[in-house]
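Protein chains in written order, with our numbering: chain A, 276 to 722; chain B, 276 to 722.
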């Protein structure tokens, strides 16, 4: 059996490894557009911050390790067409037959329709190549100040990274808040943290033009915004990279539609990762939610099914976490904005809690927002913000696990969670937040 | 309605608070043998280590806060009898009527049947009074060396505490390993950590006699063990404190039997916490598993039901975590020894994993042991050891949540856990450990 995989990032490599685990004799060929198979693109900001110094550190696995698994690697090999009828893909002036095909082409950076995005010194940041170009530009031009357009995960991590590197940084967000994946009160804490660390933050500011002036780029925006910088990074989100894909059903933003076995509308063609619509475990419908952790899961599911298995993707909850300076922000499930978007009745209660018993040195405060259905008490989601060391990401994960299992908010109190005064409280903060939610919700309902 | 509560620690206070939440006008009287209501006895080692300096810091709530909730506090008030027929309790030369009674008398330290346990300078450590007596003795006798009998949670935390305080410490355990709540390989890592920090550790050594010699206590044990120290701490476990309880059904070690509503065999009498048998969520039977986190949950359930509710305790999984120096050890569900005790078929697979992406500074290794049923893949339990900052306790909690929901080991891979390179991997270590378990288990089954 011959398996071809287009794309060598998270989804592709996970599928390839799974196929070889199940079928040692499988012929697996992986085609990737660049020469960096299975690199951690989530690690890019830490290379540009100089927290990590070697490009190869970013490889989840070395090329040697991938080859040793018997996976055929075709680097710098862009596939430009899929012949669905004849089961062939083509690239680099030749074509290849496949029995099973995985499309794992990922996503590409969105570029806003404004003047000047093509100017030298203006970058997007998605792949290792982008990273190397930015690094080279910073060194060549002795860049000591930069403007970041977009206050999402990449924009925020890059603000942190460039400040750590010693640059002056301005960050501009068109919406009223940075980090739109969490609700406003938490986003405001993130904004304060950025400002405390010297980032010049503007919200409600839409960039309208980038202009080249001697030695610099002048950026104009709404509300008379103007700023001159040596480098401009556009980080306003991504869209699925499916330009290659025809005669296969697509959906939202051109993302490929798959079922939960990661099968596309065409037999023997699977798709996974940032190029597809993702099944949401709570909403029970497809959304576009590009995340590395999701790509790994979907790739593994695709690989198993391509090799004859029958497994289903159990869905995403949009579980995400980001560290910005010493602040950690995590979320899972639905937040207020999600509930409004999906027209769900909701109540959100915010709690300020200590990460461990206050009497033991080093206790830090967490803010936990729990969102649930005021009538059924169904647990919709949670957001937590606090400091590194407060086990925020894994506290979100407890709630994610609960949502996967259709918990009501008060049921969080039933979980036998670990306790020692140096790390938690007899009721974990997550449980105290659930108790507060339940009490307030009950009180409001009885009024 | 008149509610009486015997015991003012975790179970008692949780019940009292819950009763007052539900029934503002309830008459709630709490009787406690000492004068420290709702103190964190789990925090005692950190007072003796001098990491915390004020006795009152250990109070989960101040006396004023408890009184402000309308709870009647009767301190230094030992109840010595319960008149089940007439619904009365008696203590301090008077008796009190109750409509509903909660027994939350907790546990007392076990004292081994050896000579010399009554000598001055020999202590057990359970309550705040014990702590204060030890503190006074250390100061009065300028104690600079101590011997701890028992390598369980309290023994280990006290070894850590007394080393931090500058004492020379010897720790002696009768069994072949310290920390019997985890399997041997993890216990050996704990032993190394103790030794690296200067604790003189002996296992397989049973203490046989404590002898008074001038200015010291000479301790004799098996294998020619002998050691002279100024202070001896006995920390060999606890037993339920139910000496007060007659005409109510008791079970294992004299622990009170309750159903999952925390009702005893006698109408209108409830019991919760370390004085009862605890329902185990996985085993679906009662065990004796005294833990503060469990006492809080059971107290809250008892309180709600006493005030007319109908809630059931969902059970313990023996989830526990302890920090010893910079090491954290957590566990939930069943380990190898548990499986052997309950005669369950099991497979345990150990994995060494990084707590976050290795390329980002500060990555530390974790050891994760996953235990499951080799035939059904049912998830039995997990143990994790690693360093503070590696989110070990909340990683155990993800698994605890999964066990509460009857997961099979490979299902851990379906959970949408958060990821950022600074805090985890695209597959969380817990999931990589589950994958390794599944692969090895499948390989062994196919042989």
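Note that CB positions come from ideal geometry on N, CA and C, so glycine has one too. Owing to the predicted nature of the structure, the values given are computational and were not obtained by experimental measurement.
Quick one: list the residues of chain A neighbouring residue i, beta-carbon separation under 9 Å, in chain order.
i	result
residue 342 of chain B	By Cβ distance, chain A contributes nothing, its closest Cβ being about 21 Å from residue 342 of chain B, past 9 Å.
Kindly indicate if chain B contains any beta-carbon less than 8 Å away from that of residue i.
i	result
residue 595 of chain A	yes
residue 670 of chain A	yes
residue 271 of chain A	This structure does not reach residue 271 of chain A, given that chain A is present from 276 up to 722, and the question cannot be answered.
residue 651 of chain A	no
residue 346 of chain A	no
residue 326 of chain A	yes
Taking Cβ-Cβ distances shorter than 7 Å, what residues in chain B pair up with residue i?
i	result
residue 589 of chain A	689
residue 598 of chain A	695, 697 and 698
residue 605 of chain A	693
residue 556 of chain A	691
Strictly under 8 Å for the Cβ-Cβ distance: is residue i near chain E by that measure?
i	result
residue 679 of chain B	The chain inventory of the structure shown lacks chain E, comprising the protein chains A and B.
Please list the partners that residue i has in chain B, where partner means a Cβ-to-Cβ separation under 9 Å.
i	result
residue 284 of chain A	Simply none; closest approach about 11 Å.
residue 317 of chain A	632, 694, 695, 696 and 701
Please report the straight-line C-alpha distance between residue i and residue j, rounded to a whole angstrom.
i	j	result
residue 348 of chain B	residue 473 of chain B	44 Å
residue 610 of chain A	residue 626 of chain A	15 Å
residue 714 of chain B	residue 504 of chain B	51 Å
residue 411 of chain A	residue 673 of chain A	42 Å
residue 523 of chain B	residue 696 of chain B	55 Å
residue 603 of chain B	residue 597 of chain B	6 Å
residue 581 of chain A	residue 587 of chain A	12 Å
residue 489 of chain B	residue 394 of chain B	13 Å
residue 622 of chain A	residue 649 of chain A	6 Å
residue 425 of chain A	residue 451 of chain A	12 Å
residue 530 of chain A	residue 477 of chain A	31 Å
residue 671 of chain B	residue 660 of chain B	10 Å
residue 458 of chain A	residue 464 of chain A	11 Å
residue 333 of chain A	residue 541 of chain A	34 Å
Please state the DSSP three-state secondary structure of residue i.
i	result
residue 571 of chain A	helix
residue 702 of chain B	coil
residue 365 of chain B	strand
residue 628 of chain B	strand
residue 459 of chain B	helix
residue 500 of chain A	strand
residue 525 of chain B	strand
residue 475 of chain A	strand
residue 466 of chain A	helix
residue 600 of chain A	coil
residue 417 of chain B	coil
residue 557 of chain B	coil
residue 304 of chain B	strand
residue 536 of chain A	coil
Could you confirm whether any beta carbon from chain A is found closer than 8 Å to the beta carbon of residue i?
i	result
residue 572 of chain B	yes
residue 723 of chain B	Any answer about residue 723 of chain B is impossible in this case: the structure gives chain B only from 276 up to 722.
residue 666 of chain B	yes
residue 592 of chain B	yes
What does residue i reach in chain B if we use C-beta pairs closer than 8 Å?
i	result
residue 713 of chain A	In chain order: nothing, as chain B lies at least about 10 Å away.
residue 673 of chain A	669, 672, 673 and 676
Looking at the ligand SAH, does it come within less than 7 Å of residue i, judged from the CB to the closest heavy atom?
i	result
residue 440 of chain A	Judged by which ligands are present, the structure shown has none, so any question about the ligand SAH falls away.
Would you mind telling me which residues of chain A sit closer than 7 Å to residue i, beta carbon to beta carbon, in chain order?
i	result
residue 332 of chain B	634
Using a Cβ cut-off of 8 Å, pull out every chain A residue sitting near residue i, in sequence order please.
i	result
residue 461 of chain B	Within chain A, no residue comes near residue 461 of chain B; the closest Cβ sits about 15 Å away, beyond 8 Å.
residue 321 of chain B	634, 635, 696 and 697
Mind the definition here: the segment 417-424 of chain B touches the segment 315-335 of chain B only if three or more C-beta pairs lie below 8 Å; say whether that holds.
Touching, no, given that fewer than three Cβ pairs across the two stretches are closer than 8 Å.
Are three or more beta carbon pairs between the segment 559-574 of chain A and the segment 697-712 of chain B nearer than 8 Å?
With contact defined as three or more Cβ pairs closer than 8 Å, the segment 559-574 of chain A and the segment 697-712 of chain B are in contact.
Measuring CB atoms only, is the segment 304-312 of chain B touching the segment 556-564 of chain B, in the sense that at least three cross pairs come out at less than 8 Å?
Proximity of the segment 304-312 of chain B to the segment 556-564 of chain B falls short of the contact definition, fewer than three beta-carbon pairs being nearer than 8 Å.
Meets three-Cβ-pair contact criterion under 8 Å: the segment 287-300 of chain B and the segment 572-588 of chain B
Pairwise C-beta distances place the segment 287-300 of chain B in contact with the segment 572-588 of chain B, as three or more of them are shorter than 8 Å.
The segment 384-393 of chain A / the segment 363-376 of chain A touching (three or more Cβ pairs under 8 Å)
With a cut-off of 8 Å, the segment 363-376 of chain A and the segment 384-393 of chain A do not count as touching, because too few Cβ pairs lie within range.
Contact between the segment 507-521 of chain A and the segment 356-363 of chain A is defined here as three or more beta-carbon pairs at a separation below 8 Å; is this criterion met?
Three or more pairs of CB atoms, one per stretch, sit closer than 8 Å, so the segment 507-521 of chain A contacts the segment 356-363 of chain A.
Just checking, does the segment 683-692 of chain A make contact with the segment 671-687 of chain B on the three C-beta pairs under 8 Å criterion?
Contact holds: three or more Cβ-Cβ distances are below 8 Å.
With three or more C-beta pairs closer than 8 Å as the rule, is the segment 396-406 of chain A touching the segment 312-321 of chain A?
Yes, since at least three Cβ pairs between the segment 312-321 of chain A and the segment 396-406 of chain A fall closer than 8 Å, the two stretches touch.
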